[in-house]
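Each remark here refers to the structure printed beneath this line.
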Amino acid sequence: MEAPGNSKASEESQTEGAKPGDERPKWDNKVQYLLTCIGFAVGLGNVWRFPYLCQTYGGGAFLIPYLIALLFEGLPLLHMELAIGQRLRMGSIGVWSSISPYLGGVGLASMTVSFLVGLFYNTILAWVLWYFFHSFQDPLPWKNCPLNANHTEYLKECAESTAVNYFWYRNTLNISPNVESGGTLQWWLVICLAAAWIIVYICFIRGIETIGKAVYVTATFPYLVLTIFLIRALTLPGASVGLKYLFTPKWHTLTNPKMWLDAATQIFFSLSLAFGGLIAFSSYNPQKNNCERDALIVGCINSATSIYASIPIFAILGFKAKSNYEDCLNANILSLTNAFSIGDKNITIENYPEWLGHLNSTDPAEVASLNLKTCNLENFLDESASGTGLAFIVFTEAVIKMPGSQVWAILFFIMLFSLGLSSMFGNLEGVLTPLLDLHMVPKWMPKEVFTGLMCAVSFSVALIFTLRSGNYWLEIFNNYVGSVPLLVIAFFEITAVVYVYGINRFSDDIAWMTGRRPNLYWQATWRVISPLMLLVVFLAYVVVQARETPSYTAWNPNYEEFPKQETLEYPGWVFAICVLLAAVPCLLIPLVSLYRFIQFLRIRLARKRMPNPYENERHIPEM
């Protein structure tokens, strides 16, 4: 049966996607496909980015702009990518080139972003492996500071910061004081990075045949670990403090425009839109498949996972905050007890405020000379962090305070590795599938060899992240590759489908695939709301970035305010690289269009110059 309103692009896709003797691979079953899409969408950002945003922007109040962004930006784009990939049955470059040759740059930009993101994303998995290997030690190596060469006192850098910070910044990264001091390759990180790429290659060696098997573990195991953490976290003292801090709505934050911007970008990046991976995965579906239902399942599970992960994360952070608060009070109590010769059991955490007030009124000078610490539970709760800071500093510090800390550390880092590995499948698929669809892989080279070659090249380029300055470069790639380019790509994707491919033709295709035409909600979001939201978010993002001085935080033990991190401006040459990382994927779109237009003019000019074979023939009058 032929689709109503079928386009030339769709017709070409039937032959381009599956040629005789070269049948396109298919998923073994629907569960594999959904698990793969969920694994790609649900990644590290759900665990360490979403809880941080909730904490920053008023807990439950953040859910309002987040859900609005999900309904009017995330789900429509997700449905569109799954539908267009399933209908045209090609990777990102093939899909957009078949819709219009002038749009081939959209797919090329997606492939470039997927490649660049995969480079630093797998480096994070290398760090996770490093911590995982050390999680079997008793005690955990980030629990205590090491001694100096004379074994008389703790190393100064560790003593002035914390053992957790020291293990991350010195033992793991051996970080340089600034981005300009590149340093040498750190051999332990090189080994972990090689191991991470080997694991990715083994799981990806035969494409969806092996991915489909791996996702049964990588996409489901994190939920098992999160549930175990949830049960344990809710029994910890201080868990209710963390949950109250997370979900208590602060309604005044709704007037903060940056919160709406962060909510829109979080749902966009969380669903892994515009990477090309979702288009590639859906291209292996049979064309008669309910892609609308798939989009709703993947989108809702992704957002529900973010909320679900926040509960154990902040319950444990509440436990950590309360433990630090009590340690702070006990240190002050010890100082007061020694200074005023008070009985050990007279001052307790419960009556500390009364005792402090009494001593301040009777002998304020003596109290002031003790330099007591300011112990505020709210301040300790504010120490929660985003990204690598949450995973490798805040959470690891919380783990060492939990009974059986080795077990919890092992489970935590296995969960992070599973989440990251599933996302890596999508990043790699976003690069490999377009190349295979366009027959850019030599016929004599087996797919397994080409995949291995691509992983080897990626590993070689990613060695920059194993330098002493590698963490600074990883932040640069994360901030500039995974931001503006994705917004630009998504805007061109949705406008291409609506105004080039044709929204009516696209609706007819969906009706043929699912049995019903898209309802008013999908039509309104595709035609107006989603493109407008993408444009507003892009402009707002550019304005916010333009107002801020490009800077980064550096770990410098020689900094006069150490252990406070030093804020430095990017050197001119580094900032130029930042601009290039953000601009190059975007510029590929107009450059490919210009190249196609020049090709068109050359062909047209060549046709005009072709001699007319009848031009010199003598006219013979009729008899």
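Position 334 (the sequence shown) corresponds to 334 in full-length UniProt numbering; numbering is contiguous.
Beta carbons are placed, not taken as given, at the ideal position from N, Cα and C, and that holds for glycine.
Going by beta carbon distance, what residues of the same chain come within less than 8 Å of R604, once the five residues before and after it are set aside? For this step, residue 604 is matched to residue 604 along the sequence shown. Excluding positions up to five away in sequence, the list is empty.
Do you know offhand how far Y66's Cα is from A263's? On the sequence shown, position 66 is the one that residue 66 refers to. On the sequence shown, position 263 is the one that residue 263 refers to. Their backbone Cα atoms lie some 5 Å apart in a straight line.
Buried or exposed, going by whether 16 or more other CB atoms sit within 10 Å of the CB of C300? Numbered from 1 along the sequence shown, position 300 holds the residue referred to as residue 300. Label assigned to C300: exposed.
Neighbourhood of S335 by C-beta, 7 Å cutoff - its chain only, sequence neighbours within 5 removed: The residue given as residue 335 occupies position 335 in the sequence shown. Excluding residues within five positions, the ones whose Cβ falls inside 7 Å are L370 and L372.
How about Y223 and W27: are their beta carbons less than 8 Å apart? On the sequence shown, residue 223 is found 223 positions in, with the first residue counted as 1. On the sequence shown, residue 27 is found 27 positions in, with the first residue counted as 1. The answer is no: Cβ separation not under 8 Å.
Thinking just about the alpha-carbon of each residue, which of W48, C145 and I198 is nearest to the one in Y308? Mapped onto the sequence shown, residue 308 falls at position 308. Of the candidates W48, C145 and I198, the one whose C-alpha sits nearest the C-alpha of Y308 is W48.
Distance between L580 and Y570 (C-alpha atoms, nearest Å): As a working note, residue 570 is residue 570 in the sequence shown. As a working note, residue 580 is residue 580 in the sequence shown. Between Y570 and L580, the C-alpha separation is close to 14 Å.
Going by beta carbon distance, what residues of the same chain come within less than 6 Å of L411, once the five residues before and after it are set aside? Position 411 of the sequence shown, counting from 1, holds the residue named residue 411. Correct list, in chain order: V225.
Among A214, G91 and A274, whose alpha-carbon lies nearest the alpha-carbon of F492? On the sequence shown, position 492 is the one that residue 492 refers to. Checking every option, the nearest Cα to that of F492 belongs to A274.
Less than 8 Å separating the beta-carbons of G39 and V215? As a working note, residue 39 is residue 39 in the sequence shown. As a working note, residue 215 is residue 215 in the sequence shown. Against a cut-off of 8 Å, the Cβ pair of V215 and G39 comes out as a contact.
Thinking C-alpha only, which one of L487, C328 and K401 is nearest A109? Locating residue 109 in the sequence shown gives position 109, counting from the first residue. When each option's Cα is compared against that of A109, the closest is L487.
Determine the extent of the alpha helix (DSSP H) in which T567 is found, giving its start and end residues. On the sequence shown, position 567 is the one that residue 567 refers to. That residue, T567, is in no alpha helix (DSSP H); its beta strand (DSSP E) goes E566 to E569.
At what residue ranges does the region 88–160 contain a whole run of the alpha helix (DSSP H), taking only runs of 4 or more? Fully enclosed alpha helix (DSSP H) runs of 4 or longer: 92–99, 104–134 and 156–160.
Just verifying my parser: in three-state terms, what is the DSSP assignment at Y541? As a working note, residue 541 is residue 541 in the sequence shown. In the structure shown, Y541 adopts helical secondary structure according to DSSP, grouped into three states.
Host alpha helix (DSSP H) of Y66 (start-end): Your numbering for residue 66 matches position 66 in the sequence shown. Start and end: L63 to A69.
Using CA coordinates, which residue listed in W96, I316, A195 and E23 is at the minimum distance from L421? Against the sequence shown, residue 421 aligns to sequence position 421. It is A195 whose Cα lies nearest to the Cα of L421.
Please classify A582 as buried or exposed, where buried requires at least 16 neighbouring CB atoms within 10 angstroms. The residue labelled residue 582 in the question sits at position 582 within the sequence shown. It is buried - the Cβ of A582 has at least 16 other Cβ atoms within 10 Å.
Residue from I191, L44, L296 and M111 whose Cα sits closest to the Cα of L34: Indexing the sequence shown from 1 puts residue 34 at position 34. Measuring from the Cα of L34, the nearest candidate turns out to be L296.
For L230, the nearest candidate out of F506, I311, Y541 and G183 (CA to CA): Mapped onto the sequence shown, residue 230 falls at position 230. Minimum Cα distance to L230 is reached at I311.
In angstroms, rounded to a whole number, what distance separates the CA positions of N519 and M80? Taking the first residue of the sequence shown as 1, we reach residue 519 at position 519. Taking the first residue of the sequence shown as 1, we reach residue 80 at position 80. Cα to Cα, the separation comes out at about 13 Å.
Inter-residue Cα distance where the pair is F268 and R293: Against the sequence shown, residue 268 aligns to sequence position 268. Against the sequence shown, residue 293 aligns to sequence position 293. Each residue's alpha carbon lies about 19 Å from the other.
Report the three-state DSSP secondary structure of L271 (helix, strand or coil). Taking the sequence shown and counting its residues from 1, the one referred to as residue 271 is at position 271. If DSSP states are grouped into helix, strand and coil, L271 belongs with coil.
Please report the residue range of the alpha helix (DSSP H) in which Y552 lies. Along the sequence shown, one-based indexing puts residue 552 at 552. Note, Y552: premise wrong, no alpha helix (DSSP H); beta strand (DSSP E) at S551 to A554.
As assigned by DSSP and simplified to three states, the class of L336: Counting from one through the sequence shown, the residue named residue 336 turns up at place 336. For L336, the three-state secondary structure derived from DSSP is helix.
CA-to-CA distance, R527 to R87, given in whole angstroms: Here residue 87 refers to the residue found at position 87 when the sequence shown is read from its first residue. Here residue 527 refers to the residue found at position 527 when the sequence shown is read from its first residue. Distance between R87 and R527, taken at the CA atoms: about 19 Å.
Taking all protein chains shown into account, decide if M513 is buried (16 or more other Cβ within 10 angstroms of its Cβ) or exposed. Along the sequence shown, one-based indexing puts residue 513 at 513. Per the 10 Å Cβ criterion, buried.
In this structure, does DSSP put L372 in helix, strand or coil? The residue you call residue 372 lines up with position 372 of the sequence shown. L372: coil per DSSP, three-state reduction.
Please look up how many angstroms separate the CB atoms of A490 and N178, rounded, as I've assumed it's under 8 Å. For the purposes of this step, residue 490 is taken as residue 490 along the sequence shown, with counting starting at 1. For the purposes of this step, residue 178 is taken as residue 178 along the sequence shown, with counting starting at 1. Between A490 and N178, the beta carbon gap of about 34 Å keeps them out of contact (Cβ cut-off 8 Å).
Go ahead and pull the three-state DSSP assignment for L185. Here residue 185 refers to the residue found at position 185 of the sequence shown. It is a strand residue.
Going along the chain, which residues of its own chain have a beta-carbon closer than 6 Å to the beta-carbon of M610, five neighbours each way excluded? Counting from one through the sequence shown, the residue named residue 610 turns up at place 610. Excluding positions up to five away in sequence, the list is empty.
Hey, would you say G105 sits closer than 8 Å to L588, going by beta carbons? To locate residue 105, count along the sequence shown from 1; it is residue 105. To locate residue 588, count along the sequence shown from 1; it is residue 588. In this structure, G105 places its C-beta atom within 8 Å of the C-beta atom of L588.
CA-to-CA distance, I577 to R547, given in whole angstroms: Along the sequence shown, read from residue 1 onward, the residue named residue 547 stands at position 547. Along the sequence shown, read from residue 1 onward, the residue named residue 577 stands at position 577. One C-alpha to the other measures close to 19 Å.
Name the residue from F133, I99, I476 and I175 whose alpha carbon lies nearest to the alpha carbon of R505. Along the sequence shown, one-based indexing puts residue 505 at 505. When each option's Cα is compared against that of R505, the closest is I99.
Buried or exposed: M259, going by 16 or more other Cβ atoms within 10 Å of its Cβ? Taking the sequence shown and counting its residues from 1, one reaches residue 259 at position 259. Buried: at least 16 other Cβ atoms inside 10 Å.
Helix, strand or coil for L438 per DSSP? Mapped onto the sequence shown, residue 438 falls at position 438. The answer is coil: DSSP assigns L438 none of H, G, I, E or B.
Reducing DSSP to helix, strand and coil, say where L82 ends up. As a first step, residue 82 must be located in the sequence shown, where it is residue number 82. Helix at L82.
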